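Residue numbers (the working numbering), protein chains in the order written: chain Z, 887 to 1087; chain D, 887 to 1087.
Protein chains: 2
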Amino acid sequence: MNRKAEARDRILRAAIDTLATQGFAASTARAIAVAGGFAPGVIYYHFDDLDDLFLAAMRYTSDQRMERYVECTATAGDPSSMLQALRELYAEDVATGHIAAVQELVVGAGTSARLAEGVRAEIARWEEYAETLLRRLTAGTPLEDLIPARAAATAVMAFYLGLEMLTHLDGDRARGEALFAAAEPLAALLGMLLPPPGERA
Amino acid sequence: MNRKAEARDRILRAAIDTLATQGFAASTARAIAVAGGFAPGVIYYHFDDLDDLFLAAMRYTSDQRMERYVECTATAGDPSSMLQALRELYAEDVATGHIAAVQELVVGAGTSARLAEGVRAEIARWEEYAETLLRRLTAGTPLEDLIPARAAATAVMAFYLGLEMLTHLDGDRARGEALFAAAEPLAALLGMLLPPPGERA
């Protein structure tokens, strides 16, 4: 990576950290510069304005997480191993600040039509991905025609964003962990009821 | 209702309208007073400070909506009529500004520990209610032991709050309506599979 790309990366990471830890309203050029250890002017050498930086930051974290999601769910054929993969991916979403930054950008999108448009596009990308995953899990099973995959993907996105709001309100991550734990017996049962991927029509 | 209670009600309704239409950050004493058509000083005759008003407004809208939820779901025994009741209640949540105001208060709770505590208590009340509803719907059916009611209630709360975030981002209510429509065939199927309430063990 050349020096310009390295500097750009550093700004994007600083923007994500600042959004995740300080929130959208506090994510000024100054705050992002302090978090990244560079002068505020550096931001404007790489980005037109803060909206431009936020949009690039959303794509940056989204791309990185999408790569991990595709990688980790690729081998998960049955509901239990899919749940296990999603649980680990969710823990990474938390640890990297991804989910907190995205939630702040969704809230902050109310301040700018351009930001809203970019955030909507990223949400749509994740919705499509969730739909693909769901279709793959249910393909060749009785659930295939039963679950409206597009609507279920929307519901999953809403749930994911809302869980982050509740987590923020609680001040701890117990709620998310309890949900994954509670889903385990259901996933195991579903795994027993559904034909394994190899034996599907 | 005496004149003091009437004035208090008017302030509470103005606070909910302002939160719902202008957002938490813009809900100053002045903005609420303009919305309600009274002098800002009137607020401080009835409430200690804005947090005190926001907490009272959250309980006020929550009490009113809870009363409607209990009333409208009381006669809904099967999944389809429950879904229909919830769809109408959700439309009311939207029309009254309830859901938008609550979402703003959940976001705004980050600014004050006292506000956060009050919002958490209201969320917990709705979570318990959702759990009760779910247990009533599944009582005496094979789903009773299958669905972890507490975790499912948490998931429903997260979904409800997240849907409002996405709706805000979209700028229209199409997403929520599509979800209710997509859930209808599922509810109908579930109604056919589950024993009717009168014939349960």
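We put the CB at the ideal spot given by N, CA and C, even for glycine.
Because the structure is a prediction, the values reported are computed rather than measured.
In terms of alpha-carbon separation, which member of D:ALA1035, D:LEU1076, D:LEU1052, D:LEU941 lies closest to Z:ALA1032?
In the sequence under discussion, the amino acid at residue 1032 of chain Z is Leu, which differs from the Ala named in the question. Comparing Cα-Cα distances from Z:LEU1032 to each of D:ALA1035, D:LEU1076, D:LEU1052, D:LEU941, the minimum goes to D:LEU1076.
Measuring straight from C-alpha to C-alpha, what distance separates Z:ALA1041 and D:CYS958?
Answer to the nearest angstrom: the Cα atoms are 24 Å apart.
Rounded to whole angstroms, what is the Cα-Cα separation between Z:LEU972 and Z:ALA962?
Their Cα atoms are separated by approximately 10 Å.
Using a C-beta cutoff of 9 Å, does D:LEU1049 count as contacting chain B?
Structure shown: chain B not included; protein chains present are Z and D.
Would Z:GLY909 be called buried (16 or more neighbouring beta carbons within 10 Å of its own) or exposed?
With 16 or more other Cβ atoms within 10 Å, it is buried.
From which residue to which residue does the alpha helix (DSSP H) around Z:THR1053 run?
1035–1056 is the extent of the alpha helix (DSSP H) around Z:THR1053.
So for D:LEU1082, helix, strand or coil by DSSP?
Per the sequence presented here, residue 1082 of chain D reads as Pro, with Leu not at that position. Looking at D:PRO1082 - three-state DSSP - the assignment turns out to be coil, as it is neither helix nor strand.
In chain order, what residues of the segment 1011–1027 of chain D put their CB closer than 9 Å to some CB of chain Z?
Listed in sequence order: no entries.
So for D:PHE933, helix, strand or coil by DSSP?
D:PHE933 falls in the coil class under three-state DSSP.
Can you find a C-beta in chain Z that's less than 9 Å from the C-beta of D:GLY909?
By this cut-off, D:GLY909 is an interface position.
Less than 9 Å between CB atoms is the rule here; does D:TYR1046 satisfy it with respect to chain Z?
Chain Z, which has a Cβ nearer than 9 Å to the Cβ of D:TYR1046, makes this yes.
Residue range of the alpha helix (DSSP H) that Z:ALA1002 falls in?
Segment 999–1024, the alpha helix (DSSP H) holding Z:ALA1002.
In chain D, what lies closer than 7 Å to Z:VAL992 by C-beta?
Within chain D, the residues near Z:VAL992 are MET1051, LEU1055.
Have a look at Z:ASP895 and Z:ALA1002 and give me their C-alpha separation to the nearest angstrom.
Going from the Cα of Z:ASP895 to the Cα of Z:ALA1002 covers about 23 Å.
Taking Cβ positions, are Z:GLY1048 and D:GLY1048 nearer each other than 9 Å?
Yes, the Cβ-Cβ distance between Z:GLY1048 and D:GLY1048 is below 9 Å.
Find the residues of chain D that neighbour Z:PRO1081, judging by a C-beta separation of less than 8 Å, and give them in chain order.
None at all; the shortest Cβ gap to chain D is about 19 Å.
Should D:THR997 be labelled buried (16 or more other beta-carbon atoms within 10 Å of its own) or exposed?
Its Cβ having fewer than 16 others within 10 Å, D:THR997 is exposed.
Apply the 10 Å Cβ neighbour rule to Z:TYR955 and answer buried if 16 or more other Cβ atoms are within range, or exposed otherwise.
Classification for Z:TYR955: buried.
How far does the alpha helix (DSSP H) with D:ARG916 in it extend, from its first residue to its last?
915–922 is the extent of the alpha helix (DSSP H) around D:ARG916.
Nearest chain D C-beta to Z:PRO965 closer than 9 Å, yes or no?
So no, Z:PRO965 is outside the interface.
Secondary structure at Z:GLY983, three-state DSSP: helix, strand or coil?
In this structure, Z:GLY983 counts as coil in the three-state DSSP scheme.
Mind pulling the chain Z residues with CB within less than 8 Å of D:LEU1075?
Near D:LEU1075 (Cβ distances below 8 Å), the residues of chain Z are LEU1032.
Can you list the residues of chain D that Z:MET1043 reaches, using a CB-CB cut of under 8 Å?
The contacting residues are GLY1048, LEU1052.
Within 9 Å (strictly less), CB to CB, does Z:GLY996 reach chain D?
Z:GLY996 counts as touching chain D.
Return yes when the Cβ of D:LEU1072 is within less than 9 Å of the Cβ of Z:PRO1028, no when it is not.
No, these two residues do not count as a Cβ contact at 9 Å.
Can you name the start and end residues of the alpha helix (DSSP H) that D:ASP964 belongs to?
Element bounds for D:ASP964: n/a, residue is neither H nor E.
For D:ASP895, which three-state DSSP category applies?
Of the three classes helix, strand and coil, the one that applies to D:ASP895 here is helix, per DSSP.
Rounded to whole angstroms, what's the CA-CA distance from D:ILE918 to D:ALA986? Just pull it up for me.
Using only the alpha carbons, I get a separation of about 16 Å.
Answer yes if the segment 925–937 of chain D comes into contact with the segment 966–980 of chain D, meaning at least three C-beta pairs across the two stretches below 8 Å, and no otherwise.
Touching, no.
Is Z:ILE1009 close to chain D, meaning its C-beta is less than 9 Å from at least one C-beta of that chain?
Cβ-Cβ to chain D under 9 Å: yes for Z:ILE1009.
Is Z:PHE1066 helix, strand or coil by DSSP?
Looking at Z:PHE1066 - three-state DSSP - the assignment turns out to be helix.
Going by alpha carbons, who is nearest to D:ARG1061 out of Z:ALA1044, Z:MET1051, Z:GLU1050, Z:ALA901?
When each option's Cα is compared against that of D:ARG1061, the closest is Z:ALA1044.
Taking the alpha-carbon of D:VAL988 as reference, which of Z:LEU1052, Z:ALA921, Z:GLY1004 has the nearest alpha-carbon?
Cα-wise, what sits closest to D:VAL988 is Z:LEU1052.
Give the interface partners of D:ALA986 over in chain Z, defined as CB-CB distance under 8 Å, in chain order.
Near D:ALA986 there are no residues of chain Z at all, since even the closest Cβ is about 11 Å away, more than 8 Å.
Could you say which of D:LEU1023, D:PHE1066, D:GLN970, D:LEU941 lies nearest to D:ALA1007 if we only look at CA atoms?
Answer by Cα proximity: D:LEU941.
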